[in-house]
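Note sheet for the following structure.
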Amino acid sequence: MNPDATPASVSSGSPVLQAIGLSKSFGPVEVLKDIALGVNAGEVHAIIGENGAGKSTLMKVLSGHLQPTRGELRIDGEPVHFSGPVDAERRGIVLVHQEILLAPDLTVAQNIYLGRELRKGLVVDDRAMNEGARQAVRDLGGDIAPDVVVGRLSIAQRQLVQIARVLLVPHRVVIFDEPTASLTPVETDALLKVIADIRAKGTGVLYISHRLQEVKEIADKVTVLRDGKLVATRPASELEPVDMARLMVGRDVAKLYPDREAVAARETVLEVDDFSVPGYAQHASFQLKKGEILGFAGLVGAGRTELMEGIVGLRPGRGALRLAGKPVHFSDVHASLKAGIAYISEDRKGKGLLLAKDLRENLTLASLGKFVRGLQVDRARERAALDQAISEFDIRTGRKDLLAGQLSGGNQQKLLLAKMMMLDPGIVIIDEPTRGIDIGTKEQIYKFIAKLAQEGRSTIVVSSEMPELIGICDRIIVMRGGRIVGEVAGEHMTEDEIVVLATGVKTGEAA
Amino acid sequence: MADTAAASPKVRRSWKDVDLRAVAPFVALALLLILGAFANPNFISIDNLLNVITRSAFIAIIAVGATFVISAGGLDLSVGSMVAFVASLTIMFMNSGALADPMMTLVAAMVLALAIGAACGLANGLITTVGRIEPFIATLGTMGIYRGLTTWLSQGGAITLRSPDVQSLYRPVYFGEIFGVPFPIIAIFITGALAAFVLYRTRYGRHVLAVGSNEDVARYSGIPVNRVRTITYVIQGLCVAVACLLYIPRLGSTSATTGLMWELQAITAVVVGGTALRGGVGRIWGTICGAFILEIVGNIMLLSNFVSEYLIGAIQGAIIIIAMLVQRSLVRKS
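Taken in sequence, the protein lines are chains A and B. Residue numbers for the first sequence follow this note's numbering, beginning at 12 and rising by one. Residue numbers for the second sequence follow this note's numbering, beginning at 4 and rising by one.
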């Protein structure tokens, strides 16, 4: 445990940054409703909530990236209006983005000073910038040479550079948007120390995460969002992680996952033997049984998605695949779909749906052959199929002629599922099935996956959300650095055991 | 267009639902016709209009092919050179006297033209898909190749159809008419109708638009992206060949400068017709309308005294920019 991270007493007085009655709508959808929030100097204020609860939107409004639809922001009690992120920065409100936003071909120093280069006359002063960058990184407890190209750094080092870049601006409130999402426990621990240091200098910190143990460690105050509404703001000392989870979900967490009967040993439908996807996954071997739900856990970049893409023919792969005992090889998705394997991408906007086309065209895209009569595509049958999909998958859409891009994330996911299920696959591979969708839809998707198993279909679920895998899977395979490092089932399916496998580090050491 | 009419009848449609981008080229055409009538009363005569539309046939038919390529996210700069190449080879075949019977010669020459066009298109398609070269660069290369081969075949001069028998047999294909409608105009509408059927009604057409809309989504949906793309170039080649079949009887001769800059006119027609250059949307009838607009603008300039006809190129260049600006502003409103 980091001694600096012990919560200081919650300070009183006027908050540095305050939101009053803040609401934000995108079109008809209200994603933030009447939020009241204050960040004090020298305090870490954690914002927690499920995906889709509105955390990121709130942070974007607070940092000037988005304009609120209603309500106001105050700094030191004075109403302010941010014209954009630069304006917010000028007033000392800075945001550390969730994604790494650095130019990989520039050096550490060039990235840190990008857009505010130090100059000597007409030329940039590289020496001063390198010195400043070295100091900025050292202040954060890091040791990175300032003239190294960012593309050669690890994710954790890049994040440090990104934080150093943000902190170069005179700041009063620093907002961290899920900074630990792709870090190992050791790196996470280092980052929490950095945040404690920032707090110690009297800066207010807003910290978004859905890792509750972390929040418990670092935060002084916790605000819970659910479906865009503020559910509670409490001192962190009064909340245990289990209480936070209950507040986030709004009910007992266990009920989120459908009850399933234990699966008896059944025949193997897919056998993957020493399968490699060059550059991403090495020597993977596993079996998938009929009617089984098999989970794939691991950190971001562990090679899970790439392994699945290799299996279905989206990437070149080497190794043996046996489908019901027969050797197969897929050179493209057309072949794997024909063999009854459907892969549902994690990137539903980029690889799953044509956002600019309507629901009907999206639904039938992968199975268009079924709708051809003579030379033509039979639109009447397509519309009938859409009607059926809308009711079967509970796709909530006011009009049936909307474009796919106009649906909410959850409804897009249902449409994507419906699209791939049109082919009636015996094996379904779902990558991140609930990323960025609301809790109600999540529950529906879990039920849907359970139903696939009931129907005798075999399912592989790739997910970074461990509770989800534990909640719905029969067993879970864990990958690290492109290799399968273990498998857990039954009572061994716990977050602790999975994290140990996924990181190669015992949690005890990390915390 | 067919899409809007066929959409679910349960949903109430209002004026706001009409896609302005689809309608804009037809409105522009109507405005031009009115403008032309004011500029010179002769303009609006049936004879003049039929004449103008007949002359637009080459670009219109080539541009229909370009609509496939562009809506699948590709580009073909080689069509102008391809016209010269295909037409030259076709004339050389007819001159060779390989077949004694003029009728047989003509039929064989037409089949040959279509085959060469398809082969040229296939080459473009394979270079961009299998060779994975940007379509701009790939067809810039073949543009030089087809043009250079033509120059070499003609030895820098002209290639002229010599046999008078074949000539007289072939003449009506451009100069003939059915019920008073010149044959090239009929050819435009048959090509357009076939193309619209393929693009809007068949599975292949749906795949073309999906590939142009988002290649990754198409690939993840099991669509053979490379095959779909390659076939668009073959369709383009066939359209070029059809245009050649109309072109040869008009002059009976080709040279190294035949079809010069036609690629730019074809792309202009496609864009003016409302097809997005980034792919995913294809408007066959809009493209044909775009080709009419280009020819009519030239005709109005000839018939009126406002602007020198030497400025036709500049005006056509301006049209493409204006068309893009109009489309952009229509997107913003919707």
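Don't be surprised by glycine CBs; every beta carbon is placed ideally from N, CA and C.
Determine the contact status of residue i and residue j, defining contact as a CB-CB distance below 8 Å.
{"i": "asparagine 127 (chain B)", "j": "serine 84 (chain B)", "result": "no"}
{"i": "aspartate 231 (chain A)", "j": "valine 55 (chain A)", "result": "yes"}
{"i": "methionine 259 (chain A)", "j": "glutamate 61 (chain A)", "result": "yes"}
{"i": "isoleucine 202 (chain B)", "j": "phenylalanine 29 (chain B)", "result": "For clarity, residue 202 (chain B) is leucine in the given sequence; the question names isoleucine instead. Their beta carbons are not under 8 Å apart, which means leucine 202 (chain B) does not touch phenylalanine 29 (chain B) by this criterion."}
{"i": "alanine 269 (chain B)", "j": "alanine 118 (chain B)", "result": "no"}
{"i": "aspartate 442 (chain A)", "j": "methionine 319 (chain A)", "result": "yes"}
{"i": "valine 119 (chain A)", "j": "valine 172 (chain A)", "result": "yes"}
{"i": "glycine 301 (chain B)", "j": "isoleucine 324 (chain B)", "result": "no"}
{"i": "leucine 305 (chain B)", "j": "glutamate 298 (chain B)", "result": "no"}
{"i": "threonine 235 (chain B)", "j": "alanine 75 (chain B)", "result": "yes"}
{"i": "arginine 232 (chain B)", "j": "valine 214 (chain B)", "result": "yes"}
{"i": "proline 187 (chain B)", "j": "leucine 129 (chain B)", "result": "no"}
{"i": "arginine 271 (chain A)", "j": "alanine 461 (chain A)", "result": "yes"}
{"i": "leucine 78 (chain B)", "j": "threonine 145 (chain B)", "result": "no"}
{"i": "leucine 325 (chain A)", "j": "leucine 299 (chain A)", "result": "no"}
{"i": "leucine 427 (chain A)", "j": "aspartate 369 (chain A)", "result": "no"}
{"i": "leucine 164 (chain B)", "j": "methionine 97 (chain B)", "result": "yes"}
{"i": "serine 224 (chain B)", "j": "glycine 283 (chain B)", "result": "no"}
By Cβ distance, which residues of its chain are closer than 6 Å to residue i, with the 5 residues on each side in sequence left out?
{"i": "threonine 452 (chain A)", "result": "Gly421"}
{"i": "arginine 81 (chain A)", "result": "Ser34"}
{"i": "valine 27 (chain A)", "result": "Val50, Ala52, Arg183, Val184 and Gly215"}
{"i": "methionine 431 (chain A)", "result": "Ala353 and Ile355"}
{"i": "lysine 425 (chain A)", "result": "Phe404 and Ile406"}
{"i": "valine 496 (chain A)", "result": "Val489 and Leu512"}
{"i": "valine 133 (chain B)", "result": "none"}
{"i": "alanine 57 (chain A)", "result": "Tyr218, Val226, Ala230 and Val233"}
{"i": "alanine 321 (chain B)", "result": "none"}
{"i": "glutamate 128 (chain A)", "result": "Val135"}
{"i": "arginine 329 (chain A)", "result": "Ser287"}
Contact check, residue i vs residue j under 8 Å by CB: the rounded distance?
{"i": "alanine 198 (chain B)", "j": "isoleucine 56 (chain B)", "result": "So it is not a contact: roughly 17 Å between Cβ atoms."}
{"i": "glutamate 317 (chain A)", "j": "tyrosine 291 (chain A)", "result": "3 Å"}
{"i": "alanine 64 (chain A)", "j": "isoleucine 46 (chain A)", "result": "No, alanine 64 (chain A) and isoleucine 46 (chain A) are not in contact; Cβ-Cβ is about 11 Å, not under 8 Å."}
{"i": "arginine 491 (chain A)", "j": "glycine 309 (chain A)", "result": "6 Å"}
{"i": "alanine 63 (chain B)", "j": "isoleucine 303 (chain B)", "result": "Contact flag wrong, Cβ pair sits at about 18 Å."}
With residue i as the anchor, note down where its beta strand (DSSP E) starts and where it stops.
{"i": "lysine 301 (chain A)", "result": "Neither: lysine 301 (chain A) is in no beta strand (DSSP E) and is coded neither H nor E."}
{"i": "histidine 210 (chain B)", "result": "From DSSP, histidine 210 (chain B) is part of no beta strand (DSSP E) but of the alpha helix (DSSP H) over 206-216."}
{"i": "aspartate 284 (chain A)", "result": "279-288"}
{"i": "proline 90 (chain A)", "result": "89-91"}
{"i": "threonine 257 (chain B)", "result": "256-258"}
{"i": "glutamine 29 (chain A)", "result": "28-37"}
{"i": "lysine 44 (chain A)", "result": "40-50"}
{"i": "isoleucine 488 (chain A)", "result": "486-491"}
{"i": "leucine 106 (chain A)", "result": "104-107"}
At which residues does the alpha helix (DSSP H) containing residue i begin and terminate?
{"i": "lysine 349 (chain A)", "result": "344-349"}
{"i": "glycine 120 (chain B)", "result": "105-132"}
For residue i, which residues from the same chain have a beta carbon less than 8 Å from its beta carbon, with the 5 sequence-adjacent residues on both sides left out?
{"i": "alanine 521 (chain A)", "result": "Bear in mind that a pLDDT of 40 at alanine 521 (chain A), under 50, signals an unreliable position, so the number given afterwards is only what the model happens to contain. Excluding positions up to five away in sequence, the list reads Thr195, Pro196, Val197, Thr199, Asp200 and Thr514."}
{"i": "aspartate 154 (chain A)", "result": "Val148"}
{"i": "histidine 108 (chain A)", "result": "Gln173 and Asp188"}
Identify, in the order they occur along the chain, each residue of the same chain with its Cβ nearer than 7 Å to the Cβ of residue i, setting aside the five sequence neighbours on each side.
{"i": "isoleucine 181 (chain B)", "result": "Ile189"}
{"i": "glutamine 293 (chain A)", "result": "Ser287, Gly493 and Arg494"}
{"i": "leucine 102 (chain B)", "result": "Thr108 and Ala111"}
{"i": "arginine 174 (chain B)", "result": "Pro252"}
{"i": "valine 228 (chain B)", "result": "Val214, Glu218, Ala221 and Arg222"}
{"i": "alanine 326 (chain B)", "result": "Val274 and Val275"}
{"i": "glycine 208 (chain B)", "result": "Val201 and Leu202"}
{"i": "glutamate 454 (chain A)", "result": "Leu267"}
{"i": "arginine 145 (chain A)", "result": "Pro157"}
{"i": "glycine 409 (chain A)", "result": "none"}
{"i": "phenylalanine 297 (chain A)", "result": "Val283, Ile488 and Ile495"}
Does any heavy atom of the ligand GDP sit closer than 7 Å to the C-beta of residue i?
{"i": "glutamate 251 (chain A)", "result": "No copy of the ligand GDP occurs in the structure displayed, which carries no ligand at all."}
Interface positions of the segment 218-238 of chain B facing chain A (Cβ-Cβ less than 7 Å), listed along the chain: Result list: Asp219, Val220, Arg222, Tyr223, Ser224, Gly225 and Pro227.
Selection of the segment 194-211 of chain B by Cβ proximity to chain A, strictly under 7 Å: Arg204, Thr205, Arg206 and Arg209
Interfacial residues, the segment 72-83 of chain B to chain A, with Cβ spacing under 9 Å: none
Members of the segment 282-312 of chain B near chain A, C-beta cut-off 9 Å: Gly283 and Val284
Chain-ordered residues of the segment 149-164 of chain A with a beta carbon less than 9 Å from chain B: Listed by position along the chain: nothing, the set is empty.
By the 9 Å beta-carbon criterion, what residues does the segment 92-114 of chain A contribute toward chain B? none
Name, going along the chain, the residues of the segment 387-409 of chain A whose beta-carbon falls closer than 7 Å to a beta-carbon of chain B. Listed by position along the chain: Gln387, Val388, Arg390 and Arg394.
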